[in-house]
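Everything below concerns the one structure shown next.
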Amino acid sequence: MLEIQNLTHTYADGHTAIKDINLTVQDGQLVSIVGPSGCGKSTLLRCIAGLIRPAEGRIVLDGTPADGVPDNLAVVFQDYSRSLFPWLTVRDNVALPLKQRGMSKAQRREAAMEALESVGLADAGSKYPWQLSGGMQQRVSIARALAYRPSLLLMDEPFGSLDAQTREDLEDLTLKVRGDGGMTILLVTHDIDESVYVGDRVVVLGASPGHVRADLTVDLPEPRDQISTRELPEFVRLRAEVGRLVRGAGETAEQAATAAT
Amino acid sequence: MLEIQNLTHTYADGHTAIKDINLTVQDGQLVSIVGPSGCGKSTLLRCIAGLIRPAEGRIVLDGTPADGVPDNLAVVFQDYSRSLFPWLTVRDNVALPLKQRGMSKAQRREAAMEALESVGLADAGSKYPWQLSGGMQQRVSIARALAYRPSLLLMDEPFGSLDAQTREDLEDLTLKVRGDGGMTILLVTHDIDESVYVGDRVVVLGASPGHVRADLTVDLPEPRDQISTRELPEFVRLRAEVGRLVRGAGETAEQAATAAT
Amino acid sequence: GGDDGSASGGNGLEKQTITVAALPLVDGAALHIGIKQKLFEAEGLKVQVKPIQQSTQALPALIKGDVDVIAGANYVTFFQAHEKGTLKLSILSEAAALTPNMMNVLVKPDSPIKSAKDLEGKKIAVNIPNNIQSLTLNAILKANNVDPSKVQYIQVPFPQMGAALEKDQVDAIHVVEPFLSDVQKKLGARVVVNGGGEPVTGVPISGYVTTQEFASKNPKTSAAFQRAMLKAQEAAASDRKKVEEVVPDYARIEPQVASVITMPDFPSSVNTTRLQRIVDLMVSGGLLKDKPDLNTIVFQAKA
Amino acid sequence: MAALFAASELLGRAEIVDRSYLPPASSVVTRAIELAGDTLFLQYLADTMTAWAVGLGLAIAVAVPLGLLLGSVPAVNAATRAIVEFLRPIPSVALIPLAGLLLGSGTEMKVALIVYASTWPILFNTMYGLAEVDPAGKDTLRVFGFGRLEILLRVSLPSAAPFIATGIRLAAAIALILAVGTEIISGFGEGLGIFIAQAYSVPDGARDVLAGTVWAGTLGLVIDAALGGAQRRMFHWHHARQGGTT
Amino acid sequence: MSTTASSAVSPAVGRGRRAARFLGGLAHRWLPFALLIGAWELATRAAESPFFPPPSQIVSATHELWLSGPATRLFLTDLAMDNLLPSLGRMALALAIAAVAGIALGMVLGRSERAMAYLNPLLQFCRAIPPPTLVPVFIVLFDLGTQMQVASIIFSVIWPILLNTADGARSVTPLQMDTAEVFRLSTVDRIRYILIPSALPKIFAGLRLALSLSLILVVFSELLPGTVNGIGFQLTDAQSRSDMPTMWSVIVLLGVLGYALNTLLLAVERRTLGRHRPADGKGDT
Ligand SMILES: Nc1ncnc2c1ncn2[C@@H]1O[C@H](COP(=O)(O)OP(=O)(O)OP(=O)(O)O)[C@@H](O)[C@H]1O
Ligand SMILES: Nc1ncnc2c1ncn2[C@@H]1O[C@H](COP(=O)(O)OP(=O)(O)OP(=O)(O)O)[C@@H](O)[C@H]1O
Ligand SMILES: [Mg+2]
Ligand SMILES: [Mg+2]
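Line order of the protein sequences matches chains U, W, Y, P and C.
The first sequence begins at 1 in the numbering used here and counts up one residue at a time.
The second sequence begins at 1001 in the numbering used here and counts up one residue at a time.
The third sequence begins at 2001 in the numbering used here and counts up one residue at a time.
The fourth sequence begins at 3001 in the numbering used here and counts up one residue at a time.
The fifth sequence begins at 4001 in the numbering used here and counts up one residue at a time.
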């Protein structure tokens, strides 16, 4: 279980990116996070990942307060192209974290190739990241996270550079992975349909500074299906609601508090 | 008028990214380009921008074959974060290209601030790019291109990192800019709705190697409106058609040729 | 090092092989004559020669024991080292003393400088400032009623003196053989001061030196070396041809040059009175603070 | 290159000074080529190159790990800065007599001085290279549970490597200068520098001095070409990325 | 009552704490250095070699030779005025020329393949030449004294600046160069706003190397023909006179100068680069 308690972060330049965020995520849950640009979604994920030490509040993992980077974590960064190593081939990029898993070289390669195949990059293994298109690089970084088989997976707009078809495939892949392995997933997205389609919950953040504006439970039948799920009235309702919330989320925390009363 | 004639490009590693592309864009037109990840959209834009010299074919601008970077060009790169200069403030990033316009320092600053305001970043002018969120950086690079007032604007997934609301605002801004200034715009996007909503035409590329699969004219009334336009039957029809084309576009050029016969 | 012969042999020498660091100068000719004429062999000594470029460079090697003797060691440098305590000097033999015209002050043929007096206020090139050259030249200038403090000494290595003079970078050069002949030949340079003239004629300038530690540990070897050296000096002094024969080999001086250059004197005794002259010059020139005790410095073979 | 040759040929022939003081390039180069057939000279070259190779190798072995340490642990950097900055401006070659006293006058001294002087460029380029590493890469491995040392070796080192290589190229030339320079100044033993020093002390030696210099320059050129080639091969990703596009 | 008391106390406490932290930093910075000097002192006292006088003796020689002058001249002695200043002057001049030329040439070489192909062999050839062997050439090209000395310093210190600048110019993020290309920035603007800022950290690495190298080269340049003053001149003169304390005092002086100049350069570097890059670990979203 992941508990985020009173999380507040202020950057060195004095800008408070998120304020007083509370959130509890059950093991195996997939939580979609949506919110306007600059509202603090990435900051929140970086705090959870232990990459920035929050100014206040804490992250509690399975009952123990986290200090630093949690075990068994994988992250798909928003700035995926910079998180790939240009001196390694695509396959080696994916295989590198697996060293932490104590796998043999052959096992690592195999796992890497499998993950690449699952994101549709079976042929790109021996290329270098800078020989790939933007969307392909993004998929490499998704493959890297999936191959690692984390227990907590943070994804920051992982499908932003992908075409509709590939995007749907990877949404389904994400759902499958969560179903198989009991992985806890936090997924930041700007696509409201997507947030509802893949999420067990949708958390809507408001801006200035970032705060939780709404936390909706998605009650859609499993397994989800790209066509039939999206036609369900509940899906349509939820998506409209999230859309409304996001559009109104540009207002500040104070305004939201007033609105909530 | 922009004419793309028999454009073919093969990268140094032997990979042919695009093959035999022909396309004519009238002045003041906005052409949306869609296609699966890795099909050569960015490669095409880079050829037009004169950043890569195509292996075969040529770009003709207003009747004269282009050699190198065309005049009055602006580009919003897909990898926006790396195209910003971390040692310049956001405002200076936007103002820098205006030096070519022979504007005074004060004019440049003013134009930069105006452009930043139009993308919703009025407050961020004196920050550095690395102090901004991903979506904010993307908007800076859009502001930089708009402030330059180019006659040819190439945008490579310019709204990919933006939330729904901001995205719609910027779509409308793009439409307005095109309407005002007679700017010719090529816009690569993965959002099918967006391609139809902003485009005068939608060009669908197919993959392996990249080729023109379809070139649809969008016959929607002007001015477009986020709510009413999207409700028009013609919009719904076009968007379904583009969707179908993109989904089928993963197949290779040969298959497409067969399908077309 | 030359430790291979350190076990005392039949002839009672503590050390049969002696390593000598030698400069490529005419000064050290006697060493090579001695080797050629087997004078060292006659004393039961094997001499190993290590070529060096400057005597100061061999100083650490001498202290460390990598070499046993330095041939042609510049007295000024070594007396100073002795005074500062970096070395306890022991002189086994003299090498060279000044002779007239072996070291001269040259000017360009068209130079307005005609006499020593004209050097006042002028720039004179010397190889190393504050060393033997300025010391002896100052003495000569003083004897000629010229104020030495009015000349400016500029450091220029011997090989570059010709070029410096030709380019008018200096007004005069103070230069030794074989460069002396060379510059005279190439530029037609004119002598204005005889650098070996009075009052410095016969002043010893270099010797064969070792450390007092070496000498006291190896008295017999040192004595044997000294005997052979004195004979060799004698040979060098008496027959110029013998010097001309060896010089082209080790000093890279062409035979025809060797036959025309002015030779130094090769003193064939070790003599505290003669050495006193250089010491006195150094003290009066401010290069030494006190007069060293030459009796401990000059190696005396025990009978 | 040809321009340099022509310029120096002219300079020599212009006879600003007597020709033997500065011989024209053609005669210097002829002499340099002649030397290639001289076995003693080749032996000297081999001696110099041995000292160079050992010295540079040791310098790399010392400077890269030290640079990694100083560049990644600011506390150590601050603590040692006074020593480092105090030591750096000390002209090692000018202290040859003293160095000779401690280390003898043979190859050890040469190697020690080479290591001393050529450590700095490698050390500094390593430190500055580390400071420039994109934090995004480091964050990535941190997230996957890698420790500081592993991040240093797997991210920081490879991304700083091209700049470290530039440091090594700088050091290679410095090491060569030191090898030859030490020989010239110590005037003792064998090597290219000794050849030059010997020529230096006789009249008409300029031609040999410059011929030796041509050899030193040529060695430098060859070494740099070899290092440049190795650099291009090892860091092809760097160069392809700079030239290519994504 | 209590509030006034605490407010009266806290600045003093704050100051005390700041002072303590300052002292702690000072200790942290200088302790290893002090320990090294201590060890050196003990070792040299034990060895009693005339070649290696103990640091205490060196310091007093340094003080006496260089720093016992009148207060109006910052305690510099005549000897210091006559030797230190000319040396530093030559060094500063040479360093300035080398920096300008090295950065300019480095930019050209880093960005232009053709310039690289033409100039590289020549540069690499020159780079490996030991400066002492060029005396016969220098003496023809330059006048004795300052001209030759400055030239010989430049000839050696330019390389780290040049090569590091070229490296920096070459490895500018390609997309940033593309951006400049697309917006048609003029060459001057490209250099000023993109190449220089981007290469600046590497240029500073080169400058720091060049700085201490230039001090070393000052000593060497004063071995050249025609030298009449300077710290290097004092060093070799002391060496030829076997005057070890003076020689060591010059070395100490060089060390102190090196440290001081480097500190200065570091301060400049921090100011210039400070705004350039995100603090480590807080990089990007
Ligand atoms: N390194 C930094 N220094 C200062 N401020 C920062 C820094 N990084 C982010 N910020 C600020 O914090 C706020 C939140 O940024 P964050 O990246 O978390 O937003 P986001 O929700 O991920 O936005 P987007 O959807 O655009 O990626 C923004 O206003 C941004 O300007
Ligand atoms: N520098 C390069 N070297 C070699 N191959 C490259 C290079 N850049 C791109 N490619 C290849 O060219 C093809 C087209 O790439 P491009 O970036 O144009 O795709 P794209 O349509 O923009 O894709 P995306 O939507 O994912 O950005 C891809 O298969 C990619 O692997
Ligand atoms: Mg973000
Ligand atoms: Mg692309």
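We treat Cβ as the ideally placed atom computed from N, Cα and C, and that holds for glycine.
From a predicted model like this one, the values you see are computed outputs, not experimental measurements.
U/Ala17 is classed as buried because its beta carbon has at least 16 other beta carbons within 10 Å across all chains shown.
For ligand 2, no non-hydrogen atom lies closer than 7 Å to the CB of P/Gln3043.
Annotation: Cβ neighbours of P/Gly3100 in chain Y (cutoff 7 Å, chain order): Pro2060 and Ala2061. Contact with chain P is absent for C/Pro4054, since none of that chain's Cβ atoms lies less than 8 Å from the residue's Cβ. Short of 6 Å from the beta carbon of Y/Val2107, and not among the five residues preceding or following it, lie these beta carbons of its own chain, in chain order: Ile2113, Ala2172, Arg2190 and Val2192.
U/Thr174 is positioned such that its CB atom lies no closer than 8 Å to that of U/Leu152. Ligand 4 approaches W/Gln1078 closely enough that one of its heavy atoms is under 7 Å from the residue's Cβ. Setting aside the 5 residues that flank it on each side, P/Arg3031 is surrounded in the same chain by Arg3207, Asp3208 and Ala3211, each with a C-beta closer than 7 Å to its C-beta; the list follows chain order. For ligand 2, a non-hydrogen atom lies closer than 7 Å to the CB of W/Gly1040. Look at U/Glu222 here: in three-state DSSP terms it is coil, with no helix or strand label. Shown in chain order are the members of the stretch 1144-1172 of chain W whose Cβ falls below 7 Å from a Cβ of chain U: Glu1157, Gly1160, Ser1161, Leu1162, Asp1163, Ala1164, Gln1165 and Thr1166.
The stretch 3045-3062 of chain P and the stretch 3228-3235 of chain P do not touch, with fewer than three beta-carbon pairs separated by less than 8 Å.
Listed along the chain, the chain Y residues whose CB falls inside 7 Å of the CB of C/Phe4051 are Thr2086.
Residue environment: Y/Ser2149 is assigned as exposed (fewer than 16 neighbouring CB atoms within 10 Å of its CB, all protein chains considered). Each of W/Met1103, W/Val1188 and W/Glu1056 was checked against the Cα of W/Ser1042, and the nearest Cα belongs to W/Val1188.
The closest heavy atom of ligand 2 lies less than 7 Å from the beta carbon of W/Asp1013. If you compare the alpha carbons of U/Cys47, U/Gln26 and U/Asp163 with that of W/Arg1244, the shortest gap goes to U/Asp163. With fewer than 16 other CB atoms across the displayed protein chains lying within 10 angstroms of its CB, U/Ile227 is exposed.
Classified as exposed, U/Thr64 has fewer than 16 neighbouring CB atoms from the shown chains inside 10 Å of its CB.
Taking all protein chains in view, the Cβ of C/Phe4022 is surrounded by fewer than 16 other Cβ atoms within 10 Å, so the residue is classified as exposed. Under the three-state reduction of DSSP, Y/Tyr2153 is assigned to strand. The way I'd put it, the stretch 4098-4110 of chain C does touch the stretch 4204-4217 of chain C; three or more beta-carbon pairs between them come closer than 8 Å. Y/Val2026 has its alpha-carbon roughly 12 Å from the corresponding atom of Y/Glu2254. Note: Y/Gln2048 is bridge-paired with Y/Thr2019 in the DSSP secondary-structure output. For W/Gln1131, the neighbours in chain U by C-beta distance under 8 Å run, in chain order, Tyr11, Asp13 and His15.
DSSP, read as helix, strand or coil, puts U/Arg91 in helix.
Per DSSP, U/Thr184 lies in no alpha helix (DSSP H) segment; the continuous beta strand (DSSP E) that holds it begins and ends at Thr184 to Val188. When secondary structure is reduced to three states using DSSP, W/His1015 falls in the coil class, being assigned neither helix nor strand. W/Gly1134 sits close to U/Asp79, with the two beta carbons spaced by under 8 Å. Rounded to the nearest whole angstrom, the C-alpha separation of Y/Asp2068 and Y/Leu2059 is 10 Å. Within 10 angstroms of the beta-carbon of U/Gln26 lie fewer than 16 other beta-carbons, which makes it exposed. Think of a sphere of 8 Å around the beta carbon of U/Val188: no beta carbon from chain P falls inside it, the nearest being about 15 Å out. Residue pairing by DSSP puts Y/Ser2090 in a beta bridge opposite Y/Thr2210.
The shortest C-alpha to C-alpha distance from Y/Val2176 to any of Y/Leu2230, Y/Glu2245 and Y/Met2102 is the one to Y/Met2102.
Closer than 8 Å to the CB of W/Leu1073 there is at least one CB belonging to chain C.
With at least 16 other beta carbons inside 10 angstroms of its own, W/Ser1081 counts as buried.
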